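For the sequence shown, the numbering used here assigns the number 1191 to the initial residue and increments by one for each residue that follows. We put the beta carbon where it would ideally sit given N, CA and C, even for glycine. This one's a predicted model, so the numbers in the text were calculated from it and none came from an experiment. Working notes for the structure below.
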Amino acid sequence: MLEAVEEMKFQIANIQDPEQFLDAIGNLEIMEFIENSEGDAIRIFQTVNDRGKSLSNMEKIKSLLIYFSNKYLDKKYDDSINAVFSDIFELYDSIKYNGGDRIGINLIKRQNFTEDNILSYHYVTYFSDNYEPSAEYVLKTIKQRLTEIRKGSDFKDAMASFINQYIESLKSFFTNLNEIISRVGTETKYYKLFVILNLSATLYPLIVKLQEKGVLEKDLVGPRFLGKKFFDLVELIDVRVYKTRGTDPKADIVKFVSSINGRSDIEIQNWLLWFNTRWMSKEQFNASLSVNIYPNAALPYIFVDYCETIRENEYTLEDLQKIVSTIPTIEHVLSQTPDFKPESLGFEDMEEFVSYEHRLGNLSILEKTLNSTVQKKVPLLKVGLGYDKSCFEMTKKLASYITSKQTFAKQDVIDRTDELKEYCVKRWWADVPEGQPADVITDENETESV
């Protein structure tokens, strides 16, 4: 208390215009709520502002639900609503701390990632009317649903059912997301998916629902998918559809996740396989790997995976954390701003070189500090300055290749592109189930957002 008083004295002493400050205070208004019941007064205070900051939409929904329970259901569900949301806020704190501060998942560590983001992710699994709902939209929808229920002649049972089902579903979503995030800190494949690949936000509702339904770690059905799990389908879709094609077909995903509880395992499997091929066929994937691939956000993940294949051993979690700490970058073997004549390396002219510079064969992965060191150097000089010092096996392999040939030219780019492309096509496969799900959306212009 003494420290607080001293701080206030300090702040007041540094007010530049005291008269303006007093005028501002004079314009403030105090809102007064009178409640005869002390218990209700405490409940209202906790509901309106029990976290010491501006209310989030999640907190407003909590307040809204208590209001309807208090006014129309004889306060019967006030305590259960408070208890569930208390658990939800604790789960969010765990997700934010572990996923963002401790592990470093890009999406979660952002300052603007709050419980409202997860609220919106949950919405698309519970309703299907909006495939990109804001938290404000969620609040508005919940209020509309409760108001509509209230208009019924015998509304109490329906209102109680809606409130209980919604808060149970919301808590389940937070619980399962928290369980997934906890695995990111202990299991390599989850760490690779969320930290290195940086799983697309649109796929968060999908992976949470697969976890909630208990199928995420289940084996896929059929001899063609030996050793593959539903988890692998999520990774497959993110690499091929969201990262390599660079599209975000939210409407399809929302329609699916909102109905996933009523589907069998084989129906889920077939739909995900269909979705993967519908948005990125084998031919499209092959073509995408043959041209400018530099903007592909999956490249660090692809190259780390390729390094594991070269070393014939998967990285440990500690290995992966060390890799992330080096801030891996995508390196151009033949620099984007070359100080050599393209003709000397087999290119017809600069225009042809530009058409090759962002292809797979001219790219590798390199620590940020080493990338800064090699920069515009010719490939042979890059070997000694950085490639042979790298922790990445594919870059060390490239260094040996360049050293043995004493050059790196157009044909090397072509050959290496073919080698890496063949690896990617085999690794991130496409397999279409027989037939097509009956309830899919097929209007690409309506669902695709590039």
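Given a threshold of 16 other Cβ atoms within 10 Å of its Cβ, counted over all protein chains shown, does residue i qualify as buried or as exposed?
i: Val-1544; result: exposed
i: Ala-1325; result: buried
i: Gln-1401; result: buried
i: Arg-1300; result: exposed
i: Val-1195; result: exposed
i: Ser-1580; result: buried
i: Val-1481; result: exposed
i: Thr-1337; result: exposed
i: Asn-1460; result: buried
i: Lys-1399; result: buried
i: Glu-1538; result: exposed
i: Leu-1218; result: exposed
i: Asp-1319; result: exposed
i: Tyr-1394; result: buried
i: Ser-1310; result: buried
i: Asn-1486; result: buried
i: Phe-1598; result: buried
i: Arg-1549; result: buried
i: Glu-1225; result: exposed
i: Pro-1208; result: exposed
i: Ile-1513; result: buried
i: Asn-1204; result: exposed
Roughly how many whole angstroms lie between the Cα atoms of residue i and residue j?
i: Ile-1458; j: Ser-1449; result: 10 Å
i: Ala-1589; j: Glu-1533; result: 23 Å
i: Glu-1557; j: Tyr-1577; result: 9 Å
i: Val-1615; j: Ser-1359; result: 38 Å
i: Arg-1373; j: Tyr-1380; result: 6 Å
i: Thr-1467; j: Gly-1294; result: 31 Å
i: Ile-1202; j: Ser-1270; result: 44 Å
i: Lys-1586; j: Asn-1503; result: 16 Å
i: Ser-1343; j: Ile-1251; result: 24 Å
i: Asp-1347; j: Ser-1259; result: 11 Å
i: Lys-1341; j: Gly-1452; result: 30 Å
i: Phe-1530; j: Ser-1562; result: 19 Å
i: Asp-1230; j: Met-1248; result: 21 Å
i: Ala-1214; j: Tyr-1257; result: 33 Å
i: Ser-1554; j: Tyr-1491; result: 12 Å
i: Ile-1427; j: Asn-1288; result: 25 Å
i: Leu-1254; j: Asp-1422; result: 40 Å
i: Glu-1473; j: Ala-1350; result: 52 Å
i: Gly-1412; j: Arg-1430; result: 22 Å
i: Leu-1535; j: Glu-1542; result: 11 Å
i: Phe-1275; j: Ile-1332; result: 15 Å
i: Tyr-1327; j: Ser-1246; result: 13 Å
i: Ile-1353; j: Lys-1261; result: 14 Å
i: Lys-1361; j: Asp-1277; result: 8 Å
i: Phe-1211; j: Lys-1199; result: 15 Å
i: Thr-1519; j: Asp-1438; result: 24 Å
i: Val-1424; j: Gly-1417; result: 15 Å
i: Lys-1567; j: Ile-1592; result: 13 Å
i: Leu-1560; j: Gln-1596; result: 20 Å
i: Met-1191; j: Gly-1216; result: 26 Å
i: Arg-1335; j: Asn-1272; result: 20 Å
i: Asp-1495; j: Phe-1303; result: 29 Å
For residue i, I'd like the list of residues in its chain whose CB is within less than 7 Å of its CB, leaving aside the five on either flank, ordered along the chain.
i: Tyr-1282; result: Glu-1305, Ile-1308, Phe-1364
i: Asn-1552; result: His-1522, Val-1523, Leu-1524, Tyr-1546, Val-1603
i: Glu-1583; result: Cys-1497, Ile-1500, Arg-1501
i: Lys-1572; result: Val-1564
i: Val-1419; result: Sequence inspection shows Lys at residue 1419; the Val mentioned does not correspond to that position. Glu-1407, Lys-1408, Asp-1409, Leu-1410.
i: Asn-1635; result: Per-residue confidence for Asn-1635 stands at a pLDDT of 39, beneath the threshold of 50, marking its modelled position as unreliable; no derived number is given.
i: Ser-1594; result: none
i: Thr-1434; result: Met-1470, Phe-1475, Ser-1478, Asn-1486, Ala-1488
i: Phe-1446; result: Trp-1461
i: Pro-1600; result: In the sequence as presented, Pro is not what sits at residue 1600; that position holds Lys. Closer than 7 Å at Cβ, skipping near neighbours: Leu-1535, Gly-1536, Phe-1537, Tyr-1546.
Please work out which residues of its chain come closer than 8 Å, Cβ to Cβ, to residue i, disregarding the five sequence neighbours upstream and downstream, and give them in chain order.
i: Met-1540; result: Pro-1532
i: Asn-1476; result: Lys-1611, Val-1615
i: Glu-1609; result: Gly-1551
Below 6 Å CB to CB, which residues in the same chain sit around residue i once its five sequence neighbours on both sides are set aside?
i: Phe-1345; result: Ile-1339
i: Gly-1290; result: Ile-1298, Lys-1299
i: Ile-1371; result: Ile-1285, Asn-1288, Gly-1289
i: Asn-1368; result: Leu-1281, Ser-1284, Ile-1285
i: His-1312; result: Leu-1360, Phe-1363
Counting only C-beta atoms, is residue i closer than 8 Å to chain B at any point?
i: Leu-1263; result: Going by chain labels, chain B is absent from the structure shown, which holds only one protein chain.
Exercise. Mind pulling the alpha helix (DSSP H) runs of 4 or more residues that sit fully within the region 1245-1294?
Worked result: 1247-1262, 1268-1285
For this session: Give, in chain order, every unbroken run of the beta strand (DSSP E) that is at least 3 residues long and sits entirely within the region 1528-1574.
Result: 1553-1557
For this session: Write down every uninterrupted run of the alpha helix (DSSP H) in the region 1340-1377 whose length is 4 residues or greater and which is fully enclosed by it, in chain order.
Result: 1346-1374
Exercise. At a cut of 8 Å, does the region 1401-1410 reach the region 1504-1513 through at least three beta carbon pairs?
Worked result: no
Problem set entry | Length at least 4, wholly inside the region 1314-1341: the alpha helix (DSSP H) runs in chain order | 1325-1340
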